[in-house]
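All remarks here apply to the structure that follows.
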Amino acid sequence: MNGSKFPTHDALGRKTGLIDRHILIVSGLSLLLYFILPFRTLPTEILVFALGAVSFNILLGYTGLLSFGQGAFFGSGAYTAGLLLIHFHWHPLLILLLSAFLAASIAAVIGFLSIRQVGIYFVMLTLAFNQLVYFIVYQWKNLTGGDDGLLNIARPDLSVLPGLAVPLQTNFQFFIFVWAIFIAVLIVIRRITDSPFGRILVAIRENPDRGRAVGYNIFHYKLLAFIISGFFTGLAGGLYTLFLKMVPITAVDIITSSDFVIMSLVGGTRSLYGPILGAAIIKIASEFLSQIWSRWMIVLGLIFVSFVLFMRGGLWGLLLNLRKKLFAPKMEGEGRL
Amino acid sequence: MNAGLILVQLLNGITLGAIYVLVAVGLTIVFGMLNIINFAHGSLYALGAYFAFMVATVIGESSGSFWAAAVVAPVLTGIFGAIIEITLLRRMYHELHEYQILLTFGVAMVLQEIIILIWGTYGKSIPMPSQLDGVIHLGLFTFPTYRIFLILFTAVTCLGLWLMIEKTKYGSIIRAGTENRNMVSCLGIDINKVFTVIFALGVGMAGLAGALSLPMRGAQSAMGDSIMLLCFVTITIGGLGSFTGAILGGLIVGIVESMMALVWPQGGMISIFAAMALVILVKPTGLMGLK
Amino acid sequence: MILITKDLTKHFGGLEAVSKVNLNVEDGTIHSIIGPNGAGKTTLFNMLTGEIPVTMGQIYFQDRETTRLKPYQIARAGIGRSFQQNRLFKGLSVLENVRLAVHARCRGRFNTFKHFLSFSQPIEEACAILEELQLMGVASRNAGELSHGLQRTLEVAMALAARPALLLLDEPTSGMSPDETVKMIRLLKRLGKRLTLVIIEHNMNLVMSISSTITVLHQGLVIASGPPEEIKKNPKVHQAYLGGNLAC
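Here it is, written out as structure tokens:
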């Protein structure tokens, strides 16, 4: 079959390497967060939640699955990390990996059971499973500390060679650690979404029936998306534990699940980076607003509602539109996602 | 554990179930007829309770204050629901379920905070109406009069609602409108008004449930969230979109919750959510479900 | 026979939508299925492609029973399907639509490590299909923005992506202008030379001019089956269409 001379980048986008200018910009801006914001721990928190939101968006933005139960994975990762840190003194990277794997396993189970349904049933199932996990954590006081959570967790340093360790104790040190992991994970997630697998997720979002009719086993793909999302969400949960040096029960609460939903929607679900923007905006706004008005969540809720009504593309979509209007529209495969 | 205790718990379960039934029927009416998922339904239940508190407090200590609240609160909630429908929901009828969920979720968030803003975070309550404050002797045991009233009232309300929807002309307009809104519009009936009324009715049921639960359980700022989840469990078990399913589901959830308190108190919530998951896996449309 | 159905039946509650349909489709032919609205044609297709479960009967494709296969297995087995209501990836470009469809049977379906553009085979094949269907001009447009006629053509392209031995097309020309219909007829003739086609259609010109066999369905039953000349003269067929003419 002689390849057509057709310039496919108009229709499919251009192939990019692992690190391109988008990644560089995001890396730079997120690094800058630490120096711009007048808070010392907020930037780290933003990155942790940004990671959770991006992982969630694999399900919503890419696959079209509104999973309202990501807290189950975030919390599982957090509690795993907490328990491992309390009882063993393993390498933090190993602990993060184990947290991610546990969360992925739970995601596999919950996903397997939830994906059998679509639409509202699916959403309610994810909610119900989240609640189930929450109540199990709440009741299993011996393991999880119940309402109190796990407290007084020591944050280990990052040992590189025997006898040589990178300290992670100060805010800045830990921020750099989280930032490095965040960027690395972002690159991996981006490659996943740019891979054939990632494109199929988008196909599922657009028209799952057609996906089936051309030969894709949609169930498998949805399940894998769940597992991948669960993995990285659990990783974020583990980072959260290292960050707080405790595990609050809110980590597994539906509140956390809603956080990811809100951040992704406000930031923009139709892009990889939207949820990062959303996490930053929401966290910063919350920080400022909560000091002004104790009922600041009303403002957040109103903003969220307006976004659902009028700005489906989120802030990222808004920025893209602005860019199109200001500069000559160069369709670099933006129709892709 | 004697027979009397079990029977009391059973009746308690039915009482709880009655509340869940009212809430679930309201949600079912809205979903079954408008095909819209209202995540804010729980907050409107809470709103009904707080409205009842407000009315009763305004009227003051008198034997009529509860009854006035029980009438006015659902109406106020219904009106509030109508406003939400007209301003926000109307745009969403043709949208994906996901966006409806997100929208009503946002509304719930705002409502929750507004409730705290107005009424604070401490629980509120009103005294039982004097006519119903007492117990009834039922052979082996005594049972609060108010709860018997609640059960009977719910039964009558559901019957009345069912009769209205199935047997009256207005009900047939509603049923027709959900089948084919264009056709009904062509007949000269304002379908928008019909939908608003349906939504207000469904929401009013939640408000009624809230008002009725106020003397018995009080009002707390988090009551909306917890009832919302239980409501989802109820309609999932009973059948999304099914009137009888909502009743069946509500009773099941109430009874399970109540009986579990005897057997495994910590496992009450876990059992309920596990039961929901089981139903979805085995019979996804619910026990009485059709859609 | 590339496709055989034995007493294929579908009940919806009390309604028998398809009754004991026996279909015999010869390899390399164009076999049309016609009948008044509600005759069960699309339901038949839905059973053939596993979209809905079969109540009774069997389906054999290339001597292999496919009755209980799921849609994605049917596609992999070599049956391509276009739908009466377009099933396209509306938010994606035309080329991406077909590329996705092609990639379903290529290496790397589950690959999460390489950029999807490094798989050149699906892209090349997709371009080839678009060229054959004269859709290259709109390759970078979003499928949702196309005119109805072009969308219907893209529907057929999606079915072709599976490199099927058998193509099931459900009303491929519905809603098309006369010009577009002529183009589609030409395309179908071309495809018919190398694939087996089973087409549901209401356009009698099309059906009569290109089919080797026509099966007529009425209220779920096969009332006639044979070459076009026979069908034209068949009184039962005339009656089914309310005494209307099948004159073309």
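Read top to bottom, the protein sequences are chains D, P and L.
Residues in the first sequence are numbered from 20 upward in steps of one, following the numbering used here.
Residues in the second sequence are numbered from 9 upward in steps of one, following the numbering used here.
Residues in the third sequence are numbered from 9 upward in steps of one, following the numbering used here.
Glycine is no exception: its CB is placed at the ideal position from the N, C-alpha and C atoms.
Per DSSP, cross-strand counterpart(s) of residue i
i                      : result
residue 66 of chain L  : L/14
residue 149 of chain P : P/146
residue 140 of chain L : Answer is none; residue 140 of chain L lacks a bridge partner.
residue 210 of chain L : DSSP lists no partner for residue 210 of chain L.
residue 89 of chain L  : L/176
residue 234 of chain L : L/222
residue 72 of chain L  : L/69
residue 150 of chain L : L/101
residue 20 of chain L  : L/23
residue 266 of chain D : D/169
residue 205 of chain L : L/38, L/175
residue 229 of chain L : L/226
Residue span of the beta strand (DSSP E) that contains residue i, given as start and end
i                      : result
residue 160 of chain L : First-last for residue 160 of chain L: 156–168, but that is the alpha helix (DSSP H), not the beta strand (DSSP E).
residue 221 of chain L : 221–226
residue 214 of chain D : Counting along the chain, residue 214 of chain D falls outside any beta strand (DSSP E), and DSSP gives it neither H nor E.
residue 164 of chain D : Segment: none, residue 164 of chain D is in no beta strand (DSSP E) and carries neither H nor E.
residue 195 of chain P : Neither: residue 195 of chain P is in no beta strand (DSSP E) and is coded neither H nor E.
residue 25 of chain L  : 23–33
residue 126 of chain L : Looking at the DSSP string, residue 126 of chain L is not in any beta strand (DSSP E), and its letter there is neither H nor E.
Selected residue, minimal CA-CA separation from residue i, among the options
i                      : options                    : result
residue 170 of chain D : D/267, D/274, D/120        : D/267
residue 126 of chain L : L/136, L/114, L/83         : L/114
residue 169 of chain L : L/203, L/209, L/134        : L/134
residue 335 of chain D : D/43, D/290, D/162, D/298  : D/290
residue 166 of chain L : L/82, L/209, L/109, L/228  : L/109
residue 134 of chain P : P/12, P/28, P/241, P/62    : P/62
residue 67 of chain L  : L/158, L/192, L/132, L/15  : L/15
residue 240 of chain D : D/263, D/83, D/316, D/320  : D/83
residue 66 of chain P  : P/158, P/282, P/77         : P/77
residue 174 of chain P : P/283, P/251, P/64         : P/251
residue 231 of chain P : P/116, P/23, P/150, P/161  : P/116
residue 64 of chain L  : L/240, L/13, L/239         : L/13
residue 258 of chain D : D/195, D/157, D/292        : D/195
residue 29 of chain D  : L/112, L/100, L/234        : L/100
residue 223 of chain L : L/20, L/47, L/10, L/25     : L/47
residue 238 of chain P : P/51, P/11, P/18           : P/51
residue 285 of chain P : D/126, D/233, D/146, D/307 : D/146
residue 52 of chain L  : L/36, L/37, L/26           : L/26
residue 99 of chain P  : D/247, D/343, D/325, D/341 : D/325
residue 80 of chain D  : D/253, D/212, D/251        : D/212
residue 104 of chain P : D/166, D/85, D/43, D/296   : D/85
Bounding residues of the alpha helix (DSSP H) (the contiguous stretch that carries residue i)
i                      : result
residue 257 of chain D : 237–263
residue 76 of chain D  : 61–76
residue 38 of chain L  : No alpha helix (DSSP H) contains residue 38 of chain L, which is instead part of the beta strand (DSSP E) from 38–42.
residue 325 of chain D : 316–329
residue 53 of chain D  : 40–55
residue 9 of chain D   : Lying outside 20 to 356, the shown extent of chain D, residue 9 of chain D is not represented and no answer is given.
residue 47 of chain L  : Taken as a continuous stretch (DSSP letters only), residue 47 of chain L belongs to no alpha helix (DSSP H), as it is neither H nor E.
residue 25 of chain P  : 11–42
residue 343 of chain D : 333–345
residue 84 of chain D  : Note, residue 84 of chain D: premise wrong, no alpha helix (DSSP H); not H, not E.
residue 34 of chain D  : That residue, residue 34 of chain D, is in no alpha helix (DSSP H); it is neither H nor E in DSSP.
residue 58 of chain P  : 49–67
heavy atom of the ligand SAH below 6 Å from residue i C-beta
i                     : result
residue 39 of chain L : With respect to small molecules bound, the structure shown includes none, and the ligand SAH cannot be examined in it.
Please give me, in chain order, every unbroken run of the alpha helix (DSSP H) with length at least 4 that falls completely inside the segment 205–292 of chain P. As far as the segment 205–292 of chain P is concerned, its whole alpha helix (DSSP H) runs of at least 4 residues are 231–246, 251–271, 276–290.
### Cβ pair count under 8 Å reaching 3, the segment 43–59 of chain L against the segment 72–85 of chain L
A contact is defined here as three or more CB-CB pairs under 8 Å, and the segment 43–59 of chain L meets this definition with respect to the segment 72–85 of chain L.
| Touch check for the segment 25–36 of chain L and the segment 277–288 of chain P: three-plus C-beta pairs under 8 Å? | Judged by Cβ distances under 8 Å, the segment 25–36 of chain L makes no contact with the segment 277–288 of chain P, as fewer than three pairs qualify.
*Kindly provide the ranges of any alpha helix (DSSP H) runs that are 4 or more residues long and lie completely inside the segment 114–198 of chain D, ordered along the chain.*
For the segment 114–198 of chain D, whole alpha helix (DSSP H) runs of length 4 or above, ordered along the chain, are 138–158, 160–163.
Original post:
How do the segment 42–53 of chain P and the segment 108–116 of chain P stand: do at least 3 beta-carbon pairs fall below 8 Å, yes or no?
Top reply: Yes, the segment 42–53 of chain P touches the segment 108–116 of chain P.
- Scan the segment 75–150 of chain P and note each continuous beta strand (DSSP E) run of 3 residues or more that stays entirely inside, going in chain order. Runs found: 143–146.
*Is there contact between the segment 320–336 of chain D and the segment 108–115 of chain D, where contact requires at least three CB pairs shorter than 8 Å?*
No, because fewer than three Cβ pairs between the segment 320–336 of chain D and the segment 108–115 of chain D fall closer than 8 Å, the two stretches do not touch.
(request) Inspect the CB distances between the segment 182–194 of chain L and the segment 148–161 of chain L and report whether three or more fall short of 8 Å. (result) Below 8 Å, enough C-beta pairs join the segment 182–194 of chain L and the segment 148–161 of chain L to call them touching: three or more.
* Asked: Within the chosen definition, does the segment 223–230 of chain P reach the segment 118–135 of chain P through at least 3 CB pairs nearer than 8 Å?
  -> As far as the Cβ criterion goes, the segment 223–230 of chain P touches the segment 118–135 of chain P, which means the pair count is three or higher.
Margin query: Contact between the segment 144–151 of chain L and the segment 201–213 of chain L is defined here as three or more beta-carbon pairs at a separation below 8 Å; is this criterion met?
Written below: As far as the Cβ criterion goes, the segment 144–151 of chain L does not touch the segment 201–213 of chain L, which means the pair count is below three.
Item to complete: Report yes or no: do the segment 299–308 of chain D and the segment 78–94 of chain D share at least 3 C-beta pairs separated by less than 8 Å?
Response: With the cut-off at 8 Å, the segment 299–308 of chain D and the segment 78–94 of chain D do not touch.
Check whether the segment 41–55 of chain L touches the segment 212–232 of chain L, counting contact only when three or more Cβ pairs, one atom from each stretch, lie closer than 8 Å. Counting Cβ pairs under 8 Å, three or more are found: they touch.
- Message: So, does the segment 121–140 of chain D touch the segment 231–251 of chain D, judging by three or more C-beta pairs under 8 Å?
- Response: With the cut-off at 8 Å, the segment 121–140 of chain D and the segment 231–251 of chain D touch.
- Would the segment 23–34 of chain P and the segment 210–218 of chain P be scored as touching if the rule is three or more Cβ pairs under 8 Å? Yes: at least three Cβ pairs fall under 8 Å.
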